[in-house]
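Chemist: First, the structure itself, so that you have it in front of you.
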Amino acid sequence: MKLDTLKHGYDVTSMPVNPLADYWKPGVVSDLAQQDWSLTDVRERIDLAAWQGFLADLPRDPYVNSRWKRMSWLTLNALGDVEVMGECPMAQGGAFNDAESMADRLRYYEPLTQEFLARPDVKAFVRGWAQLWGISPREPILMQITGVRGNGQVDPLQGQGIHADGCKALSIMVVNRENVTGAENHLYADKAGTQPLTDNTLAPGDILHLRDDRLYHSVDGISQQDPQAPFERFIIIINSRFVDEFQNRMLRRHFPDAVLNETR
Numbered sequence: 540m541k542l543d544t545l546k547h548g549y550d551v552t553s554m555p556v557n558p559l560a561d562y563w564k565p566g567v568v569s570d571l572a573q574q575d576w577s578l579t580d581v582r583e584r585i586d587l588a589a590w591q592g593f594l595a596d597l598p599r600d601p602y603v604n605s606r607w608k609r610m611s612w613l614t615l616n617a618l619g620d621v622e623v624m625g626e627c628p629m630a631q632g633g634a635f636n637d638a639e640s641m642a643d644r645l646r647y648y649e650p651l652t653q654e655f656l657a658r659p660d661v662k663a664f665v666r667g668w669a670q671l672w673g674i675s676p677r678e679p680i681l682m683q684i685t686g687v688r689g690n691g692q693v694d695p696l697q698g699q700g701i702h703a704d705g706c707k708a709l710s711i712m713v714v715n716r717e718n719v720t721g722a723e724n725h726l727y728a729d730k731a732g733t734q735p736l737t738d739n740t741l742a743p744g745d746i747l748h749l750r751d752d753r754l755y756h757s758v759d760g761i762s763q764q765d766p767q768a769p770f771e772r773f774i775i776i777i778n779s780r781f782v783d784e785f786q787n788r789m790l791r792r793h794f795p796d797a798v799l800n801e802t803r
């Protein structure tokens, strides 16, 4: 009977079996399969202005000048809900990131706020991202809000140059971009940068997905458009399935029950 298909006043037979099935725009999955990267946007999926409201209280990055940052380790539980795993340092081995300020160091940051992580559009974003990459329950997902603000010219990645983050699944989303020139993202097939793949300047709400274990990336420095006004550029970085054994050792130590991408 028709009545059997009605719930809360609408016909559930018209709903997709998986509510996350259409989270990403058409072409994202095929782009990743064919070229190992995809550029899309989530402006119709999130309240970007509300997300930008969480930038004001970001603490300073204790390891890099002129940078602000929060990060949290997240995972999906057996029901597919987003959970916070707890504290674990960020760790990048020199084999993946040879920047002096980051390589072979343990780095601790303030977590993402409970208010931010409790937002339905944030939870849906993490679930949609995990589905895109096939991330399973209990796999650690690192989510960061990081960026720069101030005056003059700043290298947002502080000299990292062309590098990889030591994982299989990586996405970079611009949250805001004010009074800024530069910050063009580049992808390469090799670390030397002799095989460029694409160059893109991301606007707020744009997100770049890439298979970090197959590609390398960099971003240009930024400067103010109006030298009399300050600038800001903040991004979300979300990644998982680490191939960096240094990071995996830390994850195993802090989350003994986690499902890791074992490299040996």
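The numbers in my numbering rise by one with no breaks, and the one at position 17 of the sequence shown is 556.
Each residue gets a CB set at the ideal place from its N, CA and C atoms; glycine is no exception.
All of these numbers come straight from a predicted model, not from anything done at the bench.
On the DSSP bridge assignment, give the partners of residue 735 in chain order.
Modeler: Here residue 735 refers to the residue found at position 196 of the sequence shown. Answer is 727.
Chemist: So which of 700, 706, 651, 744 has the shortest CA-CA distance to residue 607?
Modeler: By 1-based counting over the sequence shown, the position of residue 607 is 68. Out of 700, 706, 651, 744, 651 has the C-alpha closest to the C-alpha of residue 607.
Chemist: Using DSSP with H/G/I as helix, E/B as strand and the rest coil, what is residue 688?
Modeler: Numbered from 1 along the sequence shown, position 149 holds the residue referred to as residue 688. Here residue 688 sits in strand by DSSP.
Chemist: Do residue 590 and residue 671 have their CB atoms nearer than 8 Å?
Modeler: Here residue 590 corresponds to residue number 51 of the sequence shown, with the count starting at 1. Here residue 671 corresponds to residue number 132 of the sequence shown, with the count starting at 1. For residue 590 and residue 671, no; Cβs fall outside 8 Å.
Chemist: Rounded to whole angstroms, how far is the Cβ of residue 701 from the Cβ of residue 730, which I believe are closer than 8 Å?
Modeler: Numbered from its first residue, the sequence shown carries residue 701 at position 162. Numbered from its first residue, the sequence shown carries residue 730 at position 191. Correct: roughly 6 Å between the Cβ atoms.
Chemist: Roughly how far, in whole angstroms, is the beta-carbon of residue 804 from the beta-carbon of residue 678, given that I think they are within contact range, below 8 Å?
Modeler: Limits of the chain in this structure are 540 at one end and 803 at the other, which puts residue 804 out of reach.
Chemist: With distances taken between CB atoms, is the gap from residue 738 to residue 725 smaller than 8 Å?
Modeler: Here residue 738 refers to the residue found at position 199 of the sequence shown. Here residue 725 refers to the residue found at position 186 of the sequence shown. Yes. Within cutoff.
Chemist: Alpha carbon to alpha carbon, what distance is there between residue 750 and residue 706?
Modeler: The residue labelled residue 706 in the question sits at position 167 within the sequence shown. The residue labelled residue 750 in the question sits at position 211 within the sequence shown. Taking the straight line joining both Cα atoms gives about 8 Å.
Chemist: What does the Cβ neighbour count give for residue 792, buried or exposed, with the cut at 16 atoms within 10 Å?
Modeler: In the sequence shown, counting from the first residue as 1, residue 792 sits at position 253. By the neighbour-count rule (16 or more Cβ atoms within 10 Å), residue 792 is not buried but exposed.
Chemist: I'd like to know whether the C-beta of residue 722 is nearer than 8 Å to at least one C-beta of chain B.
Modeler: Looking at the structure shown, chain B is missing, and only one protein chain is on hand.
Chemist: In three-state DSSP terms, what is residue 591?
Modeler: Here residue 591 refers to the residue found at position 52 when the sequence shown is read from its first residue. If DSSP states are grouped into helix, strand and coil, residue 591 belongs with the helices.
Chemist: So residue 713 packs on residue 743, CB below 8 Å; how close in whole Å?
Modeler: If you number the sequence shown from 1, residue 713 lands on position 174. If you number the sequence shown from 1, residue 743 lands on position 204. Rounded, the Cβ-Cβ distance is 5 Å, consistent with contact.
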